[in-house]
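Participant: Chains as they are written, first to last, in the numbering used here: chain Y, 689 to 1027; chain D, 2 to 257; chain S, 190 to 510.
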Amino acid sequence: MWKKFSLALLLCLFVPYLGMSNSFLFEIFIQIGIFAVLALGLNVVVGLAGLLDLGFMAFFAVGAYTWAIFSSPQITSIFPSIAPFSGIWFYAFLPLAMLFAIGLGCLVGLPSLRLRGDYLAIVTLGFGEMIRVLANNLDHPLNITNGPQGITPVQQPPVTWIVDWLSIPHALATSLFFYFFILVLIGIIIVINLHLKHSRFGRAWMAIRENELAAQAMGISLARTKLLAFITGASFSGLMGAVYAAKQTFISPESFTLLQSIMILCMVILGGAGSIAGAIVGAIVITLLNIEILPALTEHLSAITHIDFSEYQRLIFGVILVSMMIFRPQGLIARKNHV
Amino acid sequence: MSDVLLTVKNIHKSFGGLIAINALSFQVKKNEIFAIIGPNGAGKTTLFNILTGFITTDNGEIQFENKTLHHEKPDVISRSGIARTFQNIRLFNALTVLDNVIVALDAHSQTFYLSALLHTTAFKKEEKKHREQAMQLLQVVGLEKQADRMAATLSYGDQRHLEIARALGLHPKLLLLDEPAAGANGSEKIALKQLIKDIQQQFALTILLIEHDMPLVMDIADHIIVLDYGTLIAQGTPQQIQNNPRVIEAYLGKSD
Amino acid sequence: MWNIFLELLPNVILGGLILGFIYALIAVGYTLVYGVLQLINFSHSEIFMIGAVAGIETMRGLQNTPLPGLIQLLLALIIGALIAASVAVIVERCAYRPLRKRGSKNRLIPLITAIGVSFILQDLVKLIESVWHQEFFITFPSLVDLNTAYQLPLNMHIQLKSIIMMIIAIIMGLVLYYIIHRTRLGYSIRAVAQNPQSAQLMGISPDNVIAKTFALGGAMGGIAGVLFALQYNTVNPYIGFMPGIKAFTAAVLGGIGSVPGALLGGVILGQLETLAGTYLPLFTHGDIGTEYKDMIAFLILILILLFKPQGLLGKNHVEKI
């Protein structure tokens, strides 16, 4: 256990060393990091509690729009007397983003969680799409989200202290900051996941997943417990939404599609539903697939065929999902107690 | 009367045109072993489902320790002190044997979400206490050596025992056993009989028992009711039931 | 305001009817599979899309032949139905059956598989069309002789093609009724839907029946696809998604598992959507635009599931405890 931990730690410190000269490395790890937290969040909902949420990006969107609206000229167009919040407010808005995501989670969860698995899936899918449609269309009568144009510029937390401390250019300092910040977040989220899993909540979630009726007979309130799982996942998603908005400095409704919700599901399933390490491995594999492998494949095979493999993500995710379900439903890293 | 634990008054349940329970009334006294017998399809498990809140009765009432329970949800009822085992075993297969019992103990937990999040000292103390209590319950049914196995890997008989240990984890006052002897051979039934008597003593339980094994029922029951097509056709001591012609007719049919 | 309402109403109702028939035919596929497998066949929306694409490709193939428009359409319908049904059966055989044989009671697994199949089919069609035609937004060649418009009372315009569509849809509805209630196949489907074990004891092979159920539902979906292509002229690999969700809503509205329910639900949903899509923007001066009409179906779904989950014509499903 300690060996794995120190290996991971070494890797995490080695990357910045390399990244100093090649900032693209930071980009990859930051992307992986964001998706790792998202996968961990969905893992609680799907993997532990067995609730199929197909609209996970909705919470991500809410978190992202929260920070984006308040820290950009958008807020002034809604409330002319309020100026955009400066970058340092980022830290204060993180819990706010989580709060809004939790709020949406309650709104979605209360009517849906009592439904059977299949219906829950469709309803959450619908909610996810609704959020996207709302984001796309809430530029009239009142311009809240600025519609398909998206919102920019979104403030980033100040990094001048890093620039001064390490004497590096601003862009590199930003990458370095986000890299470590997300690393810290991942660490915290992993600990939270472990704590919850080995507590009465984790047990209750798994009990519900295994046998709902027996869980009720053993004193577990289905409504409350399912909602808790749902909003736990939502809060992680909302948190990373705000981080994503700050990192990209630009968001639009196109960042929050069904394809991405399914992609995160893919990460959880591929890695192993219910397994914390699995969620992280799944995030790493799928993100690398998207960023590195598919474009590379396209390039290398361009002599033979003109197919841009990056355009066929749906095919890839579909194949992954179906083959995992048929051949290895427990995922790459089976959770300890998979039957 | 203060020695009555459970009062069932005039409950009725029909599914479409089929009457499952017909104007049923009875009382269960504290510390009794109260058996419910009757041919297949007589409505016995339906009765359990009504008592534990999985089915709502069409009318009538159910009083448990002066609380009215017939409109409550199953989890509320289980936290009020009524625990059950299932006719078709319903364990949490992907949890360990020990965790299955701890889930029940969690029902009376005092810790909050935040404490679990942070693994506070109070939280850890309760976890430890629950683990110890769960181990003790496993010892009662003889499963303490299997504590860390996955529940799905147990033998059929052990799984039935785990169901009992898990139900005990709720600290119930009333325990509903749904055909605990199903699939058991002669010696296992003798052990089961002893187990039931032991846990009744040890935990001051009142036990409701659905069973088809007549010798077992006649041996340990204090009071018996007989259901046929959802209707109560006889009740009394084992002696009285054994000699009741209506009961014999229900099981064996009329002799002409 | 009232005048505008009345003026548009006849065409709105007509449009709603056509849309409703399309939804109804797709919904049948969902409800049949749900009846026998208790599974939401997510990939059914892509079966619908494949029918549409197959129909269009057939039309393009026949474009330069002297066959009259009606015959071309009928050929497109037949081929669309056949190809859609075949894909549906293949999906069942390769993706769902192995899971059923495993016997796991986990309900998430078939659902996730269905989503995966859905994605695979979308991109496969995209791939095929891209390689074959270097583009995947495909336009339906116009059938000139079917476009003749007729003027009807009440200021309604109706094209010949719309009349034909409605006739075809109604015929399919009757054919469906005949199959379900008067043939051995329909009888077997209903038997397996009610009790697979008993059906098996009576000599009905559930596997066989399930395959045929997928074929029947697939054929209906395929026909709906061709009609959709006829009505809207352009298709792409992603047109299945929205109609699929709406048709599923229609199936739930009518009572999942009930074929007349699916037909009824489809017609009602099509009508509501067209009414909302036309009148809401009008009466809110564009505040609530047509983009929101997709939400109508979704809101209906939530309301039904919350308040009357068995739908209009369905029966409550009782689980044995």
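Just so you know, even glycine gets a beta-carbon here, dropped at the ideal spot from N, CA and C.
Just to confirm my understanding: we take Ile90 (chain D), look at its own chain, exclude 5 residues before and 5 after, and list those with CB closer than 7 Å. What are they?
Facilitator: If we look at Ile90 (chain D) and ignore the five residues flanking it on each side, its Cβ neighbours are Gln160, Arg161 and Glu164.
Participant: If you measure between the beta carbons of Leu739 (chain Y) and Val732 (chain Y), is that distance less than 7 Å?
Facilitator: Not a contact, by the Cβ cut-off of 7 Å.
Participant: Who are the neighbours of Ala274 (chain S) on chain Y, taking C-beta pairs under 9 Å?
Facilitator: Near Ala274 (chain S) there are no residues of chain Y at all, since even the closest Cβ is about 21 Å away, more than 9 Å.
Participant: Across which residues does DSSP place Ser15 (chain D) in a beta bridge pair?
Facilitator: Ser15 (chain D) is bridged to D:Ile20.
Participant: Let's see if you can read the secondary structure: which residues bound the beta strand (DSSP E) around Val227 (chain D)?
Facilitator: Counting along the chain, the beta strand (DSSP E) containing Val227 (chain D) begins and ends at His224 to Asp229.
Participant: Under three-state DSSP, which class holds Phe717 (chain Y)?
Facilitator: Three-state DSSP puts Phe717 (chain Y) in a helix.
Participant: Measure from the C-beta of Ala284 (chain S) to each C-beta in chain Y and report whether the shortest distance is under 7 Å.
Facilitator: Yes - at least one Cβ of chain Y is within 7 Å of the one on Ala284 (chain S).
Participant: Any beta-carbon of chain Y closer than 7 Å to the one on Asp199 (chain D)?
Facilitator: It does not; no Cβ of chain Y falls within 7 Å.
Participant: For a contact meaning CB atoms closer than 9 Å, what does Phe437 (chain S) contact in chain Y?
Facilitator: Ile810, listed in chain order.
Participant: With 7 Å as the limit, tell me which residues of the region 983-1015 of chain Y have their beta carbon closer than that to any beta carbon of chain S; keep them in chain order.
Facilitator: The residues in question are Tyr1000, Arg1002, Leu1003, Phe1005, Gly1006, Val1007, Leu1009, Val1010, Met1013 and Ile1014.
Participant: Can you give me the C-alpha to C-alpha distance between Gly775 (chain Y) and Thr848 (chain Y), rounded to a whole angstrom?
Facilitator: Taking the straight line joining both Cα atoms gives about 11 Å.
Participant: Using 8 Å as the Cβ pair cut-off and three pairs as the minimum, do the region 865-883 of chain Y and the region 714-724 of chain Y touch?
Facilitator: The region 865-883 of chain Y is in contact with the region 714-724 of chain Y.
Participant: Bridge partners of Gly237 (chain D), per DSSP?
Facilitator: Answer is D:Ile225.
Participant: Mind listing the chain D neighbours of Met894 (chain Y)? Cutoff is C-beta to C-beta under 7 Å, in chain order.
Facilitator: Within 7 Å Cβ-Cβ: Phe93, Ala95 and Leu96.
Participant: Do the region 410-424 of chain S and the region 379-389 of chain S make contact, defined as three or more Cβ pairs closer than 8 Å?
Facilitator: Contact between the region 410-424 of chain S and the region 379-389 of chain S is absent, because fewer than three Cβ pairs lie under 8 Å.
Participant: When you compare only the Cα positions, how much space is there between Gly205 (chain S) and Met355 (chain S)?
Facilitator: Between Gly205 (chain S) and Met355 (chain S), the C-alpha separation is close to 11 Å.
Participant: Would you mind sorting Val306 (chain S) into buried or exposed? The rule is 16 or more other CB atoms within 10 Å of its CB.
Facilitator: Buried, by the Cβ-count rule.
Participant: In angstroms with no decimal places, state the Cα-to-Cα distance between Val1027 (chain Y) and Leu300 (chain S).
Facilitator: Note that Val1027 (chain Y) scores a pLDDT of 44, beneath 50, so its modelled location is shaky; the value from the coordinates is reported in the next line. Cα to Cα, Val1027 (chain Y) sits roughly 19 Å from Leu300 (chain S).
Participant: Within this structure, are the beta carbons of Gly838 (chain Y) and Ser940 (chain Y) separated by less than 7 Å?
Facilitator: Yes, these two residues count as a Cβ contact at 7 Å.
Participant: Closer than 9 Å, Cβ to any Cβ of chain S: which residues of the region 795-821 of chain Y, in chain order?
Facilitator: Flagged, chain order: Pro799, Ser800, Arg802, Leu803, Arg804, Gly805, Asp806, Tyr807, Ala809, Ile810, Val811, Leu813, Gly814, Phe815, Glu817, Met818 and Val821.
Participant: Could you give the residue range of the alpha helix (DSSP H) that holds Leu118 (chain D)?
Facilitator: Looking at the DSSP string, the run of the alpha helix (DSSP H) that includes Leu118 (chain D) is Tyr114 to Leu119.
Participant: Does Gly244 (chain S) pass the burial test, meaning 16 or more other C-beta atoms within 10 Å, or should it be called exposed?
Facilitator: When all chains shown are included, Gly244 (chain S) counts as buried.
Participant: Closer than 9 Å, Cβ to any Cβ of chain D: which residues of the region 742-757 of chain Y, in chain order?
Facilitator: Against chain D - using a Cβ distance shorter than 9 Å - the region 742-757 of chain Y contributes no residues.
Participant: Using a Cβ-Cβ distance cut-off of 7 Å, determine whether Gly305 (chain S) contacts chain Y.
Facilitator: At least one chain Y Cβ lies under 7 Å of Gly305 (chain S).
Participant: Under 7 Å between C-beta atoms, does Asn825 (chain Y) make it to chain S?
Facilitator: True, the Cβ-Cβ gap to chain S drops below 7 Å.
Participant: Against chain D, does Phe889 (chain Y) count as a neighbour if the rule is that its beta carbon must be under 7 Å from one of theirs?
Facilitator: Taking Cβ atoms only, chain D reaches closer than 7 Å to Phe889 (chain Y), which makes this a yes.
Participant: Only counting runs of 4 or more residues, tell me where the alpha helix (DSSP H) segments fall wholly within the region 279-321 of chain S, in order along the chain.
Facilitator: As far as the region 279-321 of chain S is concerned, its whole alpha helix (DSSP H) runs of at least 4 residues are 286-291.
Participant: Residues in its own chain within less than 6 Å of Ile34 (chain D) by CB, not counting five upstream and five downstream?
Facilitator: If we look at Ile34 (chain D) and ignore the five residues flanking it on each side, its Cβ neighbours are Ile208, Ile221, Ala222 and Asp223.
Participant: Whole angstroms is fine: what's the gap from Tyr212 (chain S)'s alpha carbon to Gly444 (chain S)'s?
Facilitator: If I take the Cα positions, the gap works out to 14 Å.
Participant: Is it the case that the region 905-918 of chain Y contacts the region 131-147 of chain D, given that we only count it when at least three CB pairs across the two stretches are under 8 Å?
Facilitator: Segments in contact, no.
Participant: Taking Cβ to Cβ, would you say Leu730 (chain Y) is nearer than 7 Å to Met894 (chain Y)?
Facilitator: No, the Cβ-Cβ distance between Leu730 (chain Y) and Met894 (chain Y) is not below 7 Å.
Participant: Flag this pair as touching only if the region 744-751 of chain Y and the region 945-954 of chain Y have three or more C-beta atom pairs under 8 Å; answer yes or no.
Facilitator: Taking 8 Å as the limit for Cβ pairs, the verdict is that the region 945-954 of chain Y does touch the region 744-751 of chain Y.
Participant: Do Leu458 (chain S) and Ala439 (chain S) have their C-beta atoms within less than 7 Å of each other?
Facilitator: Their beta carbons are under 7 Å apart, which means Leu458 (chain S) touches Ala439 (chain S) by this criterion.
Participant: Excluding five sequence neighbours on each side, which residues of the same chain lie with their C-beta closer than 7 Å to the C-beta of Gln134 (chain D)?
Facilitator: Correct list, in chain order: Leu106.
Participant: Assign Arg85 (chain D) to one of three DSSP states: helix, strand, or coil.
Facilitator: In the structure shown, Arg85 (chain D) sits in a strand (DSSP, three-state: E or B).
Participant: Answer yes or no: does any C-beta atom of chain D fall closer than 7 Å to that of Val1027 (chain Y)?
Facilitator: Any answer about Val1027 (chain Y) is weak, because its pLDDT of 44 lies below 50 and its placement is not dependable; what the coordinates show is given next. Closer than 7 Å to some Cβ of chain D, the Cβ of Val1027 (chain Y) qualifies, so yes.
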